[in-house]
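What follows is a short report on a single structure.
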Amino acid sequence: MTGASSPSSQQDTQPIKFAYWVPNVSGGLVISKIEQRTSWDIDYNRKLAQIAEASGFEYALTQIRFTAGYGAEYQHESVSFSHALLAATEKLNVIAAILPGPWHPAVIAKQVASISQFTGGRLAVNIVSGWFRGEFQAIGEPWLDHDERYRRSEEFIRVLRGVWSEDNFTFAGDFYRFRNYTLKPKPSSPPEVFQGGSSRAARDMASRVSDWYFTNGNTVEGVKKQVDDIRAKAAQSGHHVKIGVNAFAIVRATKEEANEVLDEILSGADPEAVRAFQHEVQNAGNASPEREGNWAKSSFEDLVQYNDGFRTNLIGAPDEVAQRIVELKSVGVDLVLLGFLHFQEEVEFFGKHVIPLVRALEAKEAARTAA
Ligand SMILES: Cc1cc2nc3c(=O)[nH]c(=O)nc-3n(C[C@H](O)[C@H](O)[C@H](O)COP(=O)(O)O)c2cc1C
273 MTGASSPSSQ QDTQPIKFAY WVPNVSGGLV ISKIEQRTSW DIDYNRKLAQ
323 IAEASGFEYA LTQIRFTAGY GAEYQHESVS FSHALLAATE KLNVIAAILP
373 GPWHPAVIAK QVASISQFTG GRLAVNIVSG WFRGEFQAIG EPWLDHDERY
423 RRSEEFIRVL RGVWSEDNFT FAGDFYRFRN YTLKPKPSSP PEVFQGGSSR
473 AARDMASRVS DWYFTNGNTV EGVKKQVDDI RAKAAQSGHH VKIGVNAFAI
523 VRATKEEANE VLDEILSGAD PEAVRAFQHE VQNAGNASPE REGNWAKSSF
573 EDLVQYNDGF RTNLIGAPDE VAQRIVELKS VGVDLVLLGF LHFQEEVEFF
623 GKHVIPLVRA LEAKEAARTA A
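According to my numbering, the sequence shown is numbered sequentially starting from 273.
This is the structure:
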């Protein structure tokens, strides 16, 4: 298991990282009839990945869905899509979303090892534990209780790390068993392991085994609570986990213009589709015993963006958005995961007009700390 702890003071000196959601499913990132100049096809996405790496984005996160529920009628598979994006880029890291259950860890360990070899170790994984019961039913996968899903995911991650790093790997778990297994070739470098989720079980798993914890959009105070909770628990097990937060960015010349776009998104929301989504995810959000899972407290407006991305409030003029990103960093956030209305245009705009302001604020803060 990787778990080298690094003091948070060291972390704060690292530039905050930027990732974008890969639109590998149809319908864009908001459940609204507003025009979205975005496409789920591979040509659009190859170009987007090239724009992103030239614009200062270090990571791209793919999504995994086996079936549509509401919107997202078409969904490209995440590992093959990630490979295609890696082949089209030179330095971007691509994170493939993986669902334990449909995937056996031996299969994904081997796929990742090969793709890692082909692409200079630029493939990472996001282990998602599942929230959509209808999807599992549709493909004949047993649907486990909330905390059992995380017990399985934790074994899944421990197995991946073992198979990727050890020869004669042996593991006797409740979900997976390996005997003297040696994977050849191994990945060219240890792949980073991300995970998504906000519940107690998700945070506890992050504090033990994941390199990165991804959470839904939230206020700076809400994010701080999660960061403090995870980091305190992680310290007990000598583990260091990095934090990524989702946000839907609407950056325009002025705050008024950005707010107008948000109003337009919300007024174009498809109520039937949002309610159907709300029904599924609140079921999922309330499924964890303590009822703190993703979406447990989301309003109708929050859910117009699938992962509560408006709540992070990266909506405004470039300087306000840069300031808010630095505030997120000050409470321990290491990476901001961004969704956009018009991906190619807005990723480029963000790289040109927001990232340099963030870097300037970080330099100012570093100088202040040094003084
Ligand atoms: C950034 C992020 C990305 C996610 N990507 C996916 C995905 O591609 N497919 C999926 O089924 N679930 C995805 N999830 C859902 C989570 O894995 C998890 O099932 C959900 O957040 C509910 O977890 P909780 O009850 O522990 O909060 C994602 C979550 C986050 C925060």
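Even for Gly, the Cβ is constructed at its ideal location relative to N, Cα and C.
Contact test: residue i Cβ vs ligand 1 heavy atom, cutoff 8 Å
i      : result
Thr641 : no
Trp415 : no
Glu345 : no
Ala356 : no
Val400 : yes
Gly469 : yes
Ser560 : yes
Arg423 : no
Gln595 : no
Ile336 : yes
Leu609 : yes
Asn531 : no
Ile585 : Before going further, note that residue 585 is Asn rather than Ile in the sequence given. No.
Thr487 : yes
Glu420 : no
Glu464 : no
Gly373 : no
Asn440 : no
Ala326 : no
Trp567 : yes
Glu407 : yes
Ser570 : no
Leu333 : yes
Asn490 : no
Gly516 : yes
Ala548 : no
Neighbour-count burial assignment, residue i, 16 or more Cβ in a 10 Å radius
i      : result
Ser470 : buried
Glu407 : buried
Ala632 : exposed
Asn440 : exposed
Ala519 : buried
Thr641 : exposed
Thr285 : exposed
His512 : buried
Ala594 : buried
Val650 : Because the chain in this structure spans residues 273 to 643, residue 650 falls outside the shown range and cannot be described.
Ala521 : buried
Asp313 : exposed
Arg503 : buried
His418 : buried
Tyr346 : exposed
Lys363 : exposed
Ala344 : buried
Lys601 : buried
Pro414 : exposed
Pro590 : buried
Ala635 : exposed
Same chain, Cβ closer than 7 Å to residue i, neighbours up to 5 away in sequence not counted
i      : result
Arg596 : Asn585, Leu586
Phe621 : Val523
Lys215 : Examination of residue 215 is not possible in this model, given that the chain is present from 273 through 643 alone.
Val546 : Ile303, Phe572, Leu575, Val576
Asp542 : Ile303, Ser304, Lys305
Ile360 : Note on residue identity: the sequence assigns Ala, not Ile, to residue 360. The residues are Arg318, Ala321, Gln322.
Gly468 : Asn398, Val400, Phe486
Tyr422 : Ser401, Ala473, Ala474, Met477
Leu538 : Glu573, Val576
Reference residue i; option with closest CA among the options
i      : options                        : result
Arg524 : Ala332, Lys624, Pro463         : Lys624
Ile248 : Glu536, Glu637, Arg547         : Here the chain covers residues 273 to 643 and nothing more, so residue 248 does not appear.
Ser650 : Val294, Ser460, Gly300         : Residue coverage of the chain in this structure runs from 273 to 643, which leaves residue 650 outside it and unanswerable.
Ser560 : Ala356, Phe612, Gly402         : Gly402
Glu238 : Gly565, Leu534, Gln508, Phe329 : This structure cannot settle anything about residue 238, because the visible part of the chain is limited to 273 through 643.
Thr491 : Gly510, Gly299, Lys569         : Lys569
Lys505 : Phe390, Arg475, Leu538         : Arg475
Gly510 : Asp483, Lys497, Val495         : Asp483
Glu438 : Pro457, Arg424, Ala340, Arg423 : Pro457
Glu464 : Ala396, Arg421, Tyr448         : Ala396
Gly445 : Phe466, Pro462, Glu420         : Glu420
Contacts around residue i, its chain only, beta-carbon distance under 8 Å, and the 5 residues preceding and following it disregarded
i      : result
Lys499 : Here the sequence assigns Val to residue 499, which means Lys is not the residue at that position. Closer than 8 Å at Cβ, skipping near neighbours: Ile515, Val603, Gly604, Val605.
Glu426 : Met477, Arg480, Val481
Ala643 : none
Ala291 : Phe329, Glu330, Tyr331, Ala332, Leu333, Ile367, Gly516, Leu607, Val608, Leu609, Leu610
Asn660 : Residue 660 falls outside the range modelled here, since the chain spans only 273 to 643, and no answer is possible.
Beta-carbon proximity list for residue i, same chain, < 6 Å, skipping 5 on both sides
i      : result
Leu320 : Phe615, Gln616
Ile336 : Ser350, Ala369, Leu371
Gly581 : Gly489, Asn518, Ala519, Phe520, Gly611
Leu432 : Pro377, Ala381
Phe338 : Glu407, Ile411
Gly588 : Lys527, Ala530
Ser311 : none
Gln550 : Leu575
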